[in-house]
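Chemist:
Number of protein chains: 2
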Amino acid sequence: MAIKTLGAKAAAALDQELMSTCAFSLDQLMELAGLSVSQAVYRVHPLSKGRRVLVACGPGNNGGDGLVAARHLFFYGYQPTIYYPKRSKNELYQRLSKQLEDLNVPFVDDFQSAIGQTDHIVDAIFGFSFSGEVREPFPAVIQALQDTKLPVTSVDAPSSWDIEKGPPASGLGSSFMPTALVSLSAPKPLVNHFTGRHFVGGRFVSPLIAKKYDFDVPEYQGIDQIVEVPVAGQKL
Amino acid sequence: MAIKTLGAKAAAALDQELMSTCAFSLDQLMELAGLSVSQAVYRVHPLSKGRRVLVACGPGNNGGDGLVAARHLFFYGYQPTIYYPKRSKNELYQRLSKQLEDLNVPFVDDFQSAIGQTDHIVDAIFGFSFSGEVREPFPAVIQALQDTKLPVTSVDAPSSWDIEKGPPASGLGSSFMPTALVSLSAPKPLVNHFTGRHFVGGRFVSPLIAKKYDFDVPEYQGIDQIVEVPVAGQKL
């Protein structure tokens, strides 16, 4: 059975609706999204596999989810390091950064050096609003994510992938296949090209909204904020 | 070993500091507080003991924590009902209420009737800023909480208890002993009078802040947002 997905335009509309008629604040949504990501990392890469996690954050909401995830990971006992080269001036992101600074979580400028000193990477660079080309300084980061043998968990989309069509046909990102992907609220069409471990997170979407946008809310277990959902051809 | 507690004034100062120098928004703190409460309810009263949960919400932040907890409980599979007689006009509480209404969670006016149709009660009426007397319409609610044989989980304080001195010496609330108590961030002095199951929640306090306010951050396990901490004379 094919997995139902939400295209880029529909995902943007859903996001807007969550923050307007559904009355969620961006603070709230980002806290819950980042919490989901942290739980997926805990599942894919438990503390016993190494505590060091490098979180690569892009300039927008995907980066914000990464900042929140990093904070939760700290409290689980991980040692996060943040690469956040294009810091947003938005007040929310500044606050999320401050919360990490208060935990003495280091922010680093040199991704190449940082990747040599971590056990796991969180790719929170680009999300469902990405299209077009990868801007500086991220091409070298995507290249490193593509080349590394370390496990990578991507937030909502493997960065550089087209939301609808998946990986670029050639060049940068064309052979980037993260270890895990956390689809927030609903999987995007790119999951049809994904062959790693796939999780859905964001346990706050009402049944009515899921119906309106025609996606399935998976069966979460217990108090989990994520659920592993196989992609095409996979069995759990 | 005595448990370290945070007096009413110190708790208010901590709350202010979290939202100023620590850069948390009330939205964020309330989301995490409510999440903690929902996890404690799941622990004390798993779904197998009955899905119906009546959440009694007061007019302030304690009530807001209850609204958030109710939403998470809905997603875990509970059937929450909300008693929220003094709705705040504050925009945040209105949004939290809307999020529940979108899930078709009922808001009821008659607590006495509602208590006859539930399996568990969450007391989110008064928190650490409570002092003085219980105002209308809450005296009858406190009386019902005191009289019921149903399990009750209180948020931060058993409502009507003095934050420092515990239960009133006589009259309303003097024999109210909830089944469980979720202390948010740090236990208040009233825990020295509490004999039920005690949890600490709010896994976002930095080690520096805990040191400054002289309380212990308990050892949370895994991804849990709560941890059970024995009170005086208890062993786990």
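As they're listed, the protein sequences go chains A and B. Residue numbers are given in the numbering used here: position 130 of the first sequence equals residue 130, and the series is strictly consecutive. Add 1000 to a position in the second sequence, counting from 1, and you land on the number used in the numbering used here. All residues carry an ideal CB built from backbone N, CA and C; glycine is no exception.
(1) Quick check on the DSSP output: the alpha helix (DSSP H) that includes residue 1111/B runs from which residue to which?
(2) At 9 Å on the CB atoms, spell out the chain B contacts of residue 103/A, in chain order.
(3) What are the start and end residues of each continuous beta strand (DSSP E) run of 3 or more residues lying completely inside the region 135-191 of chain A, in chain order?
(4) Identify the contact partners of residue 237/A in chain B, using a Cβ-Cβ distance below 8 Å as the criterion.
(5) Are the C-beta atoms of residue 84/A and some chain B residue less than 9 Å apart?
(6) So, for residue 116/A: in the same chain, excluding its five sequence neighbours on each side, which residues have a beta-carbon less than 6 Å away from its beta-carbon?
(7) Just mark residue 1021/B as buried or exposed, buried being the case when its beta carbon has 16 or more other beta carbons within 10 Å.
(8) Terminal residues of the continuous beta strand (DSSP E) containing residue 79/A?
(9) With a threshold of 7 Å on Cβ separation, who are the neighbours of residue 219/A within its own chain once the five nearest residues in sequence on each side are excluded?
(10) Within 10 Å of its beta-carbon, does residue 81/A have 16 or more other beta-carbons around it, so buried, or fewer, so exposed?
(11) Using a C-beta to C-beta distance shorter than 9 Å, which residues of chain C count as neighbours of residue 42/A?
(12) Enumerated in chain order, which unbroken segments of the beta strand (DSSP E) with a length of 3 residues or greater are wholly contained in the region 1017-1097 of chain B?
(13) Would you call residue 212/A buried or exposed, if buried means 16 or more other Cβ atoms sit within 10 Å of its Cβ?
(14) For residue 1202/B, which of 1180/B, 1033/B, 1016/B, 1142/B has the nearest alpha-carbon?
(15) Please state the DSSP three-state secondary structure of residue 1011/B.
(16) Candidates 98/A, 140/A, 27/A, 55/A: which alpha carbon is nearest residue 84/A's?
(17) Taking the alpha-carbon positions, what's the residue 57/A to residue 168/A distance?
(18) In chain B, which residues lie less than 8 Å from residue 216/A when you measure between Cβ atoms?
(19) Which value, in whole angstroms, describes the spacing of the CA atoms of residue 244/A and residue 97/A?
(20) Which residues in chain A sit within 8 Å of residue 1022/B, going by Cβ to Cβ distance?
(21) Compare the beta carbon distance of residue 64/A and residue 30/A with 9 Å and say whether it is the shorter of the two.
(22) Counting contacts by CB-CB distance shorter than 9 Å, is residue 1076/B in contact with chain A?
(23) On the criterion of 16 or more Cβ atoms from any shown chain inside 10 Å, does residue 225/A qualify as buried, or is it exposed?
(24) Excluding five sequence neighbours on each side, which residues of the same chain lie with their C-beta closer than 7 Å to the C-beta of residue 1026/B?
(25) Measure the beta-carbon distance from residue 139/A to residue 172/A and round it to whole angstroms, keeping in mind my assumption that it falls under 8 Å.
(26) Check residue 226/A in the structure and name its three-state DSSP category.
(27) Answer with yes or no whether the minimum CB distance from residue 1095/B to chain A is below 9 Å.
(28) How would you label residue 1166/B, buried or exposed, when you count the other beta carbons within 10 angstroms and need 16 or more for buried?
(29) Going by the CB atoms, is the gap between residue 163/A and residue 11/A shorter than 9 Å?
(30) With C-beta atoms as the reference, is residue 207/A less than 9 Å away from residue 6/A?
(31) For residue 1038/B, which residues of its own chain have a beta-carbon under 6 Å away from its beta-carbon, when the five flanking residues on both sides are left out?
(32) DSSP on residue 1003/B, reduced to helix/strand/coil?
(33) Which whole-angstrom value is the C-beta distance of residue 1150/B and residue 1123/B, which I expect to be below 8 Å?
(34) For residue 104/A, tell me which candidate among 182/A, 78/A, 89/A, 197/A has the shortest Cα-Cα distance.
(35) Would you mind stating whether residue 1003/B and residue 1191/B have Cβ atoms separated by less than 9 Å?
(36) What are the boundary residues of the alpha helix (DSSP H) that includes residue 121/A?
Modeler: Taking the definition as stated:
(1) Where residue 1111/B is concerned, the enclosing alpha helix (DSSP H) stretches over 1111-1115.
(2) Simply 1206, 1207, 1208.
(3) Complete beta strand (DSSP E) runs here, min 3: 152-155, 180-184.
(4) Residue 237/A lies beyond the stretch modelled for chain A, which goes from 1 to 236, so this question has no answer here.
(5) No, its Cβ sits nowhere closer than 9 Å to a Cβ of chain B.
(6) Cβ neighbours of residue 116/A beyond the five flanking positions: none.
(7) When all chains shown are included, residue 1021/B counts as exposed.
(8) First-last of the beta strand (DSSP E) with residue 79/A: 79-83.
(9) Hits under 7 Å: 227.
(10) A residue is called buried once 16 or more other Cβ atoms fall within 10 Å of its Cβ, and residue 81/A is buried on that count.
(11) In the displayed structure, chain C is absent; the protein chains listed are A and B.
(12) For the region 1017-1097 of chain B, whole beta strand (DSSP E) runs of length 3 or above, ordered along the chain, are 1052-1057, 1079-1083.
(13) Exposed, by the Cβ-count rule.
(14) Ranking the options by Cα distance to residue 1202/B, first place goes to 1033/B.
(15) In the three-state reduction of the DSSP assignment, residue 1011/B falls in the helix class, which pools H, G and I.
(16) If we check each option's Cα against that of residue 84/A, 55/A comes out closest.
(17) Looking at the backbone, the Cα of residue 57/A and that of residue 168/A are separated by about 21 Å.
(18) Here the premise fails: no neighbours, minimum Cβ distance about 15 Å.
(19) Residue coverage of chain A in this structure runs from 1 to 236, which leaves residue 244/A outside it and unanswerable.
(20) Listed by position along chain A, the residues whose Cβ is nearer than 8 Å to that of residue 1022/B are 98, 99, 102.
(21) Yes, these two residues count as a Cβ contact at 9 Å.
(22) For residue 1076/B, at least one C-beta of chain A is nearer than 9 Å to its own C-beta.
(23) With at least 16 other beta carbons inside 10 angstroms of its own, residue 225/A counts as buried.
(24) Closer than 7 Å at the Cβ level, and outside the excluded window around residue 1026/B, lie 1019, 1092.
(25) Between residue 172/A and residue 139/A the Cβ distance is about 6 Å, and since that is below 8 Å, they are a contact.
(26) Looking at residue 226/A - three-state DSSP - the assignment turns out to be strand.
(27) Interface with chain A (9 Å Cβ-Cβ cutoff): residue 1095/B is included.
(28) Its Cβ being crowded by 16 or more others within 10 Å, residue 1166/B is buried.
(29) Cβ distance < 9 Å, so residue 11/A and residue 163/A count as in contact.
(30) Residue 207/A is not a Cβ neighbour of residue 6/A, given a cutoff of 9 Å.
(31) Within its own chain, the residues whose Cβ lies closer than 6 Å to the Cβ of residue 1038/B, once the five positions on either side in sequence are excluded, are 1069, 1072, 1073, listed in chain order.
(32) The three-state reading of DSSP puts residue 1003/B in coil, since its state is none of H, G, I, E or B.
(33) Contact doesn't hold; Cβ gap of about 11 Å is too wide.
(34) In terms of CA proximity to residue 104/A, 78/A leads the group 182/A, 78/A, 89/A, 197/A.
(35) The answer is yes: Cβ separation under 9 Å.
(36) For residue 121/A, no alpha helix (DSSP H) encloses it; the enclosing beta strand (DSSP E) starts and ends at 120-124.
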